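Chains as they are written, first to last, in the working numbering: chain Z, 7 to 548; chain F, 439 to 855; chain V, 86 to 215. Every residue gets a Cβ at the ideal spot worked out from N, C-alpha and C, and that includes glycine. In this text, all values refer to a predicted model and were calculated from it rather than measured experimentally. Read the structure below first, then the notes.
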């Protein structure tokens with residue numbers, strides 16, 4: 007089809023004085039394919055809209071070039087306007103002659119401005135329309151992990167009418183709520199009952215994820231129970247696989263007869279009826295092998311107050327820094343001190359030894375400036391906050407990166423809070439790090455919002471923005487391996503041929519595949535090789 | 439949800455913007471009400487703290503969202519505006535919005551700068567917007583403008599190509615009807631370091647706050663001593679200025695991390711600079727921070743013990759008196775520059791807004807939630823909280839909170855029909 | 086071309102930083118031509134080499150800081166490709182320092198200007214300005 011291009015130049019209220027607009031217009035008018043060149047004062051305002059509307063409709067152009075301010079702030083508006091005028095929005099090409107030209111240099115920049123417009127025009131000649139289409143998605147959600155996080159998010163999703171399948175590796179739901187019964191009291195039973203009652207939630211215990219293929223809106227998940235595997239289909243997957251804690255054995259001489267226990271064990275003891283022989287002195291110790299975790303501080307503060315309340319023991323806490331960067335933590339810390347809990351801060355690690363059935367801790371208290379020796383009946387040991395069992399396996403199954411500490415979710419600020427680099431796969435709660443309850447709750451609602459956004463009926467996506475030409479594709483699998491979003495799959499084209507296929511919903515438009523394809527089989531419309539090379543050629547051509 | 443119900447978001451910082459985008463992308467109509475002349479909040483003046491790698495400060499997450507919000511067809515931004523009254527209830531609020539006179543209309547201003555060129559006063563009454571401003575439009579300083587002080591001057595109006603300047607502008611009231619829900623995302627005030635007199639902030643030019651440092655890096659790209667423009671050789675950071683004290687019984691959560699990142703940025707740009715961080719308890723927990731902290735320990739000195747006094751020393755230096763807790767004695771040391779890691783404080787105007795909306799303030803002065811561990815719902819059904827106005831948060835947490843508030847608002851609205 | 090510097094700018098970081106530089110009044114040499122790309126990882130070796138072939142005095146690829154790329158590996162791949170282009174150019178007798186990769190964030194306009202100025206200086210030194 008014959009290209010008919012309309013060019014609009016905006017002189018920003020006449021303020022771009024270092025650009026000679028009439029000169030540029032003169033240069034462009036006579037070019038082949040250019041129907042008109044209009045100089046406008048304020049394309050972004052109503053008068054501009056009227057000017058564009060009337061010109062585009064009367065001249066019947068099929069490509070539009072606009073030279074104005076940064077596309078960051080005007081592209082969307084102009085594209086929307088063109089769409090209203092029945093011109094495909096992708097047939098618009100912009101030149102940034104304000105922030106990156108007029109404002110960026112002293113002196114006359116007419117030459118540069120002309121070149122930038124030529125670059126945009128040459129690119130425009132090669133632009134093709136891109137359609138949008140409604141894409142049918144499966145809006146069922148798989149929630150992996152039946153602890154607090156998994157159960158609560160399933161409840162929230164089901165209340166929105168979304169069918170949720172909740173799978174749990176153990177034989178019962180509850181996760182850490184079981185061990186932390188003391189802090190969350192009857193929540194576990196109430197929650198499990200609520201989940202069981204919900205029609206929209208399907209519960210599968212003693213079940214694991216064995217494999218995940220596919221993309222957002224269409225994941226094929228292999229679910230394994232015992233020896234049996236079933237294939238299920240979901241629109242999105244939420245991982246709420248939680249954490250585990252481990253006492254770092256190297257720090258403690260765990261010999262029989264010496265009373266060193268974990269926080270979990272303490273929580274259990276505190277729920278049991280008060281023992282006859284209450285420990286007189288209880289010591290808490292953390293910051294030995296892991297200085298950078300909130301969990302030991304929060305667990306200690308909560309436990310210490312309960313111990314004071316129930317057993318009335320003398321309590322000493324040995325640590326390097328109290329991590330109070332969570333809501334309410336500082337208040338807990340102050341309350342603990344008011345209740346008589348003594349905090350001893352150290353710089354060098356204390357020595358822990360057995361002493362006649364009790365535990366002796368020797369440390370240099372920095373605040374006192376003195377060596378302190380305390381013999382405790384019971385010592386609650388530091389536990390490292392770690393990703394739960396199976397995190398590593400699952401992340402390689404999902405082909406998803408973890409952070410330097412091994413928790414889910416690559417440590418990339420663009421993914422926060424709950425997304426992963428694979429669209430439709432989410433991580434919530436402590437499986438992505440040591441969060442604290444407040445942040446866990448926020449995660450749950452964030453993921454519901456994201457799922458609502460991505461899977462609502464009538465979800466629309468661009469079709470073939472990035473497309474593989476099956477005739478050129480040699481199925482080398484490079485794009486599949488290289489795509490950071492796992493958006494490419496191998497599909498059967500016909501009885502003889504397989505080729506790569508890019509999911510329009512999962513594709514995040516980076517173009518890495520287009521650059522790397524050895525057969526140049528992938529076309530990224532708007533940023534194709536030809537469209538980029540045309541811009542390069544236009545430089546210095548005038 | 440009914441297409442004609444709108445949602446009002448009060449506050450255009452990172453949390454408010456996030457809520458607005460979440461709501462708009464799900465089909466709602468959003469009014470984003472911002473008190474200042476531009477949206478973006480505090481994070482708009484934060485700098486990039488990358489060394490050879492990104493240090494995950496998240497400050498650059500704002501510019502991306504700003505252009506999205508500014509061009510979203512479902513979002514109407516009202517700057518220079520405050521909510522002065524509401525009535526009604528969840529699903530059917532009516533909000534009264536008061537807009538300060540914007541002598542230069544941001545809708546019409548194309549930021550050509552011609553008005554500022556011709557403005558006759560010194561300093562000029564018409565200021566160009568800060569580079570990160572959205573809307574990117576000029577504004578008139580009432581205290582400098584001749585016309586607004588009653589004198590005759592029409593120079594700016596004469597050159598304005600879009601007729602954007604109107605001196606007759608009066609404060610304008612506007613009613614937003616059919617508002618389904620309201621999200622409060624008004625953010626925080628930075629603790630006023632002047633309140634701690636012995637630290638001599640604003641008396642000695644080389645005593646700065648963390649926010650001042652951010653702005654310097656953002657606007658100038660590198661750190662120079664305010665007193666003489668020289669390169670800083672010895673820098674001190676003082677933690678917990680306005681946090682964890684009698685009047686602020688909470689940890690601001692952001693200061694240790696921003697101090698360590700800024701300190702590392704300083705040692706990266708000026709390898710022979712010595713940086714010391716004075717702290718009470720170092721807050722280094724958080725996704726991936728452990729590795730960064732470990733690396734920083736090689737180039738940054740950490741001293742437990744918060745300074746009590748900053749005094750003038752010869753050659754523009756600052757003498758810091760502090761208790762070195764690990765050594766068990768009081769010490770003095772000279773530095774070129776002292777940065778006060780000021781904390782997050784509730785906004786002074788929270789009380790007014792709380793009265794207008796009928797929501798409660800908590801003990802610390804932040805907006806209160808209806809129950810503990812429900813961090814977005816207030817005591818008024820249909821009014822939600824997003825971001826630091828509910829309690830100290832860093833940028834990622836504020837974003838998460840904003841998404842969460844938007845979700846709850848949509849859920850509650852759906853259920854109320 | 087006539088002494089131009091071609092800069093491929095990632096739309097998430099470098100392009101926004103370039104805008105901010107213009108707004109802040111930070112000036113850079115007029116010979117700069119920016120080509121907007123969705124990610125530094127979109128830039129292929131052929132684009133870099135074609136720009137040199139067409140006469141660009143220098144070719145820059147500007148992407149996000151290490152660890153900041155929204156597409157995780159885009160900036161890393163771009164860096165590798167720039168390095169490889171350097172090698173290829175050296176092999177055919179062209180100064181490999183004509184191509185370079187810079188990393189920055191959207192709110193770092195000074196880094197953007199620094200990158201452009203650095204390339205210009207580099208090319209002036211080696212006498213390649215025209």
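Requested in this report: Measuring only between beta-carbons, confirm whether residue 110(Z) sits less than 8 Å from chain V.
Outcome: Stepping through the first chain from its first residue, residue 110(Z) is reached at position 104. Chain V, which has a Cβ nearer than 8 Å to the Cβ of residue 110(Z), makes this yes.
Query raised in the report: Which bits of chain V does residue 229(Z) rub up against, with CB to CB less than 9 Å?
Result: Within the first chain, numbered from 1, the residue matching residue 229(Z) stands at position 223. Those within 9 Å of residue 229(Z) in chain V number zero; the least Cβ separation is about 28 Å.
Query raised in the report: Going along chain F in order, which residues have a C-beta closer than 7 Å to the C-beta of residue 191(V)?
Result: Working through the third chain from its first residue, we reach residue 191(V) at position 106. Residues of chain F passing the Cβ test: 498, 501, 502.
**Report entry** Where residue 629(F) sits in the DSSP three-state scheme
**Finding:** Within the second chain, residue 629(F) is the residue found at index 191, counting from 1. Assignment of residue 629(F) by DSSP, reduced to helix, strand and coil, places it in the coil class.
Query raised in the report: So, is residue 109(Z) buried or exposed, given that buried needs 16 or more other C-beta atoms within 10 angstroms?
Result: In the first chain, the residue the question calls residue 109(Z) occupies position 103. Buried is the call here.
Query raised in the report: Quick one: is residue 721(F) near chain Z, going by C-beta distance under 8 Å?
Result: Taking the second chain and counting its residues from 1, one reaches residue 721(F) at position 283. True, the Cβ-Cβ gap to chain Z drops below 8 Å.
Requested in this report: Kindly say whether residue 570(F), judged by its beta-carbon, lies nearer than 8 Å to any beta-carbon of chain V.
Outcome: On the second chain, residue 570(F) is found 132 positions in, with the first residue counted as 1. At least one chain V Cβ lies under 8 Å of residue 570(F).
Query raised in the report: Could you give the distance in angstroms between the alpha-carbon of residue 331(Z) and the alpha-carbon of residue 299(Z)?
Result: Counted from its first residue, the first chain places residue 331(Z) at position 325. Counted from its first residue, the first chain places residue 299(Z) at position 293. For residue 331(Z) and residue 299(Z), the gap between their C-alpha atoms comes out near 11 Å.
**Report entry** Pairwise C-alpha distance: residue 116(V) and residue 196(V)
**Finding:** In the third chain, counting from the first residue as 1, residue 196(V) sits at position 111. In the third chain, counting from the first residue as 1, residue 116(V) sits at position 31. Approximately 18 Å, taken between the alpha carbons.
Requested in this report: Could you work out which residues of chain Z lie near residue 845(F), taking near to mean beta carbons separated by less than 8 Å?
Outcome: Your numbering for residue 845(F) matches position 407 in the second chain. Within chain Z, the residues near residue 845(F) are 451, 452, 454, 455, 458.
Query raised in the report: Does the segment 237-252 of chain Z come within contact of the segment 361-376 of chain Z, defined as at least 3 CB pairs closer than 8 Å?
Result: When Cβ pairs closer than 8 Å are counted between the two stretches, the segment 237-252 of chain Z is seen not to touch the segment 361-376 of chain Z, the count staying below three.
**Report entry** Residues of its chain near residue 656(F), where Cβ-Cβ distance is below 7 Å and the 5 sequence neighbours each way are ignored
**Finding:** Numbered from 1 along the second chain, position 218 holds the residue referred to as residue 656(F). Within the same chain, 483, 484, 485 come within 7 Å of residue 656(F) by CB-CB distance, once the 5 residues on both sides are set aside.
**Report entry** Neighbourhood of residue 199(Z) by C-beta distance below 8 Å, restricted to the same chain and skipping five residues each side
**Finding:** Your numbering for residue 199(Z) matches position 193 in the first chain. Taking C-beta separations shorter than 8 Å and ignoring five residues to either side along the sequence, residue 199(Z) has no partners in its chain.
Report task. Could you confirm whether any beta carbon from chain F is found closer than 8 Å to the beta carbon of residue 215(V)? Result -> Position 130 of the third chain, counting from 1, holds the residue named residue 215(V). Low per-residue confidence applies at residue 215(V): pLDDT is 42, beneath 50, and the placement is therefore not dependable, though the value from the model is reported in the following sentence. Judged by the 8 Å Cβ criterion, residue 215(V) is not in contact with chain F.
Query raised in the report: Can you name the residues of chain V whose CB is closer than 8 Å to the CB of residue 541(Z)?
Result: Locating residue 541(Z) in the first chain gives position 535, counting from the first residue. In chain order: 120.
Report task. Please compile the residues from chain Z whose C-beta is within a distance smaller than 8 Å of the C-beta of residue 742(F). Result -> Counting from 1 along the second chain, the entry for residue 742(F) is found at position 304. Within chain Z, the residues near residue 742(F) are 351, 353, 372.
Report task. Could you check how far apart the C-beta atoms of residue 336(Z) and residue 498(F) are, in whole angstroms? I think they sit under 8 Å. Result -> Start at 1 with the first residue of the first chain, and residue 336(Z) comes out as number 330. Start at 1 with the first residue of the second chain, and residue 498(F) comes out as number 60. 30 Å between Cβ atoms; not a contact.
Report task. Would you tell me roughly how many angstroms separate the C-alpha atoms of residue 308(Z) and residue 270(Z), rounded to the nearest one? Result -> Position 302 of the first chain holds residue 308(Z). Position 264 of the first chain holds residue 270(Z). Looking at the two C-alpha atoms, the distance is approximately 12 Å.
Query raised in the report: Going along chain Z in order, which residues have a C-beta closer than 8 Å to the C-beta of residue 460(F)?
Result: What you label residue 460(F) is simply residue 22 of the second chain in a count that begins at 1. Here the neighbours are 455, 459.
Report task. Could you confirm whether any beta carbon from chain V is found closer than 8 Å to the beta carbon of residue 369(Z)? Result -> Within the first chain, residue 369(Z) is the residue found at index 363, counting from 1. With its beta carbon at least 8 Å from every one in chain V, residue 369(Z) lies outside the interface.
Query raised in the report: So, is the C-beta of residue 514(Z) closer than 8 Å to a C-beta in chain F?
Result: Here residue 514(Z) refers to the residue found at position 508 of the first chain. Closer than 8 Å: no.
Query - Within the segment 692-758 of chain F, ranges of the alpha helix (DSSP H) (whole runs, at least 4 residues) - result: If only uninterrupted alpha helix (DSSP H) runs of at least 4 residues are considered, those enclosed by the segment 692-758 of chain F are 693-707, 727-737.
Requested in this report: Could you please give the first and the last residue of the uninterrupted alpha helix (DSSP H) stretch that includes residue 57(Z)?
Outcome: Within the first chain, residue 57(Z) is the residue found at index 51, counting from 1. 52-65 is the extent of the alpha helix (DSSP H) around residue 57(Z).
Query raised in the report: How should residue 17(Z) be labelled, buried or exposed, when 16 other C-beta atoms within 10 angstroms of its C-beta is the threshold for buried?
Result: Within the first chain, numbered from 1, the residue matching residue 17(Z) stands at position 11. Residue 17(Z) sits buried, since 16 or more C-beta atoms from the chains shown fall within 10 Å of its C-beta.
Report task. Determine which residues share a DSSP beta bridge with residue 568(F) and list them. Result -> Start at 1 with the first residue of the second chain, and residue 568(F) comes out as number 130. Paired residue(s): none; residue 568(F) is not in a bridge.
Report task. Compare the beta carbon distance of residue 449(Z) and residue 838(F) with 8 Å and say whether it is the shorter of the two. Result -> As a working note, residue 449(Z) is residue 443 in the first chain. As a working note, residue 838(F) is residue 400 in the second chain. The Cβ-Cβ distance between residue 449(Z) and residue 838(F) falls below 8 Å.
Query raised in the report: In or out: residue 742(F) buried (at least 16 other Cβ within 10 Å) or exposed?
Result: The residue labelled residue 742(F) in the question sits at position 304 within the second chain. Counting every other CB atom within 10 Å of its CB across the protein chains shown gives residue 742(F) a total of 16 or more, marking it as buried.
**Report entry** Members of the segment 128-153 of chain V that neighbour chain F once the beta carbon cut-off is set at 8 Å
**Finding:** If you check each beta-carbon in the segment 128-153 of chain V against every beta-carbon of chain F, the ones closer than 8 Å belong to 149, 150, 151, 152, 153.
Requested in this report: Go ahead and pull the three-state DSSP assignment for residue 566(Z).
Outcome: Since the first and last residues shown for chain Z are 7 and 548, residue 566(Z) lies out of range.
Report task. Name the one or two DSSP bridge partners that residue 235(Z) has. Result -> As a position in the first chain, residue 235(Z) is number 229, starting the count at 1. Answer is 230(Z).
Query raised in the report: Who are the neighbours of residue 171(V) on chain Z, taking C-beta pairs under 9 Å?
Result: Stepping through the third chain from its first residue, residue 171(V) is reached at position 86. Going along chain Z, no residue has its Cβ under 9 Å from residue 171(V), so there is no contact; the nearest lies around 17 Å.
Query raised in the report: Run through DSSP, which three-state label would residue 393(Z) get?
Result: Numbered from its first residue, the first chain carries residue 393(Z) at position 387. Here residue 393(Z) sits in strand by DSSP.
Report task. Provide the residue(s) that pair with residue 537(F) in DSSP beta bridges, ordered along the chain. Result -> Counting from one through the second chain, the residue named residue 537(F) turns up at place 99. Residue 537(F) has 519(F), 610(F) as its beta-bridge partners, per DSSP.
**Report entry** Residues of the segment 654-666 of chain F whose Cβ lies closer than 9 Å to any Cβ of chain V, in chain order
**Finding:** Taking 9 Å as the upper bound on Cβ-Cβ separation, chain V lies near residues 655, 656, 657, 658, 659, 660 of the segment 654-666 of chain F.
Report task. Within its chain, find whatever has a CB closer than 6 Å to the CB of residue 405(Z); leave out the 5 residues flanking it on each side and keep chain order. Result -> Within the first chain, the letter at position 399 stands for residue 405(Z). If we look at residue 405(Z) and ignore the five residues flanking it on each side, its Cβ neighbours are 492.
Requested in this report: Return no unless some Cβ of chain Z is closer than 8 Å to the Cβ of residue 841(F).
Outcome: Taking the second chain and counting its residues from 1, the one referred to as residue 841(F) is at position 403. Yes - at least one Cβ of chain Z is within 8 Å of the one on residue 841(F).
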